[in-house]
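So the structure is just underneath, and the comments pick up after that.
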Amino acid sequence: MFRALSTAALGMSAQQKSVDNIANNMANVGTTGFKRSTIAFQDMFYENVAVSKPGAAANRISNDSPDLQIGHGARAVATIRNYTQGAMTETGNPLDMGINGEGFFQVEMPDGSIGYTRDGNISRDSSGMLITNSGLPLADQIEVPQEAKAIEIAQDGTVTALMAGDNQEIELGQIELAKFSNPGGLEAKGNNIFMETEASGMPFIDRPGAEGFGTVQQGFLESSNVDVVTEMVRLIEAQRAYETNSKMVQSAEDMMSVTNSIKR
């Protein structure tokens with residue numbers, strides 16, 4: 001009965017983490033480039049309550065019968081992120097960029113390291129540098145002159161500007177994308193930023209449209225890939241599992257009360 005209490009409590013804790021994760025997905029349903037995640041569970045260690053020994057009991061069906069093992073519940077062990085493509089939404093903003101396919105934009109972090117994002121909501125700072133909506137500059141270091149009256153971003157990431165006065169078009173730079181052999185190993189840092197880890201491996205860098213890389217769509221943003229209906233179904237499943245484990249706690253407590261009330 002004590003084992004049942006602890007096992008059910010662990011089950012409640014695991015399902016609570018699942019509910020928390022679903023709540024985070026739902027909260028980011030409108031976040032540009034957000035990728036939904038799920039919680040992976042794993043059963044815990046098993047206790048050999050009775051070890052099988054050949055001929056140890058007369059009523060054994062076979063000497064090859066398995067040991068009597070009882071598990072100790074489940075735990076949440078990992079967050080699995082889904083990197084499927086979100087819907088492309090047209091914004092009309094010439095600096096907005098959506099990645100159609102694989103790849104991440106590269107941004108320069110305050111400590112000088114490189115972060116990776118699918119959020120192409122781009123603007124200009126006071127010096128004309130292209131930055132994200134979090135104020136992080138693109139690692140490509142593209143600066144738009146103040147006298148530029150039109151900006152064009154090609155699908156291969158080439159950025160050009162039409163200058164005022166002489167109507168001359170000049171090339172400002174090249175946006176490059178990064179991709180990983182195991183994007184599931186990236187570490188989420190918030191603000192739509194992911195960081196490289198040993199699990200993700202080193203990034204592969206190339207221009208958009210290269211083999212294995214997506215293309216850039218100017219004037220579009222990638223929506224979150226969270227599906228509200230799917231998340232609601234998962235929420236109901238997690239709630240039911242939580243309720244079942246809580247009833248198991250109550251049942252174990254009732255059994256202990258009966259045991260304590262037995263009089264000789």
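In UniProt numbering, the protein residues as written are 1 to 264. Ideal Cβ positions, reconstructed from N, Cα and C, are used throughout, including at glycine. This one's a predicted model, so the numbers in the text were calculated from it and none came from an experiment.
Check the DSSP bridge columns for residue i and list the partner residues they point to.
{"i": "residue 123", "result": "131"}
{"i": "residue 37", "result": "81"}
{"i": "residue 169", "result": "162"}
{"i": "residue 99", "result": "216"}
{"i": "residue 205", "result": "178"}
{"i": "residue 280", "result": "The first residue shown for the chain is 1 and the last is 264, placing residue 280 beyond what the model contains."}
{"i": "residue 190", "result": "193"}
{"i": "residue 155", "result": "Residue 155 pairs with nothing; no bridge assigned."}
Smallest Cα separation from residue i: which of the options?
{"i": "residue 173", "options": "167, 181, 179 and 159", "result": "159"}
{"i": "residue 156", "options": "104, 207, 193 and 251", "result": "207"}
{"i": "residue 102", "options": "138, 23 and 180", "result": "180"}
{"i": "residue 121", "options": "114, 234 and 90", "result": "90"}
{"i": "residue 183", "options": "124, 176, 229 and 201", "result": "201"}
{"i": "residue 189", "options": "107, 9 and 10", "result": "107"}
{"i": "residue 175", "options": "87, 167 and 104", "result": "104"}
{"i": "residue 114", "options": "228, 20 and 187", "result": "187"}
{"i": "residue 193", "options": "171, 137, 167 and 231", "result": "137"}
{"i": "residue 198", "options": "185, 210 and 191", "result": "185"}
{"i": "residue 232", "options": "135, 129, 10 and 27", "result": "27"}
{"i": "residue 266", "options": "68, 128 and 39", "result": "Here the chain comprises residues numbered 1 to 264, so residue 266 is not present and cannot be evaluated."}
{"i": "residue 83", "options": "169, 93, 95 and 118", "result": "118"}
{"i": "residue 24", "options": "45, 234 and 210", "result": "234"}
{"i": "residue 94", "options": "130, 2 and 111", "result": "130"}
If contacts are defined as beta-carbon pairs under 8 Å, then residue i and residue j qualify, I think. What distance do you get, rounded to the angstrom?
{"i": "residue 151", "j": "residue 161", "result": "5 Å"}
{"i": "residue 204", "j": "residue 178", "result": "7 Å"}
{"i": "residue 80", "j": "residue 238", "result": "In fact, because the Cβ distance is near 15 Å, the residues do not count as touching under 8 Å."}
{"i": "residue 42", "j": "residue 19", "result": "That belief does not hold up - the Cβ atoms of residue 42 and residue 19 are roughly 18 Å apart, past 8 Å."}
{"i": "residue 8", "j": "residue 241", "result": "Between residue 241 and residue 8 the Cβ distance is about 11 Å, and since that is not below 8 Å, they are no contact."}
Helix, strand or coil: how does DSSP classify residue i here?
{"i": "residue 290", "result": "Here the chain covers residues 1 to 264 and nothing more, so residue 290 does not appear."}
{"i": "residue 44", "result": "coil"}
{"i": "residue 116", "result": "strand"}
{"i": "residue 228", "result": "helix"}
{"i": "residue 20", "result": "helix"}
{"i": "residue 254", "result": "helix"}
{"i": "residue 9", "result": "helix"}
{"i": "residue 74", "result": "strand"}
{"i": "residue 319", "result": "This structure does not reach residue 319, given that the chain is present from 1 up to 264, and the question cannot be answered."}
{"i": "residue 184", "result": "helix"}
{"i": "residue 259", "result": "helix"}
{"i": "residue 239", "result": "helix"}
{"i": "residue 150", "result": "strand"}
{"i": "residue 49", "result": "strand"}
{"i": "residue 27", "result": "helix"}
{"i": "residue 144", "result": "coil"}
{"i": "residue 15", "result": "helix"}
Is any non-hydrogen atom of the ligand ADP found closer than 8 Å to the C-beta of residue i, if you look at the structure I gave you?
{"i": "residue 227", "result": "As presented, the structure is devoid of all ligands, the ligand ADP included, so that no description of it is given."}
Is there contact here, the stretch 140-151 with the stretch 68-81, by at least three beta-carbon pairs under 8 Å?
-> no
Counting Cβ pairs, one atom from each stretch, are 3 or more of them under 8 Å apart for the stretch 4-16 and the stretch 237-245?
-> Here the stretch 4-16 makes contact with the stretch 237-245; the two share three or more CB pairs at distances below 8 Å.
Do the stretch 124-143 and the stretch 212-219 meet, that is, are 3 or more Cβ pairs less than 8 Å apart?
-> no
Are the stretch 35-44 and the stretch 224-239 touching, with three or more C-beta to C-beta distances below 8 Å?
-> yes
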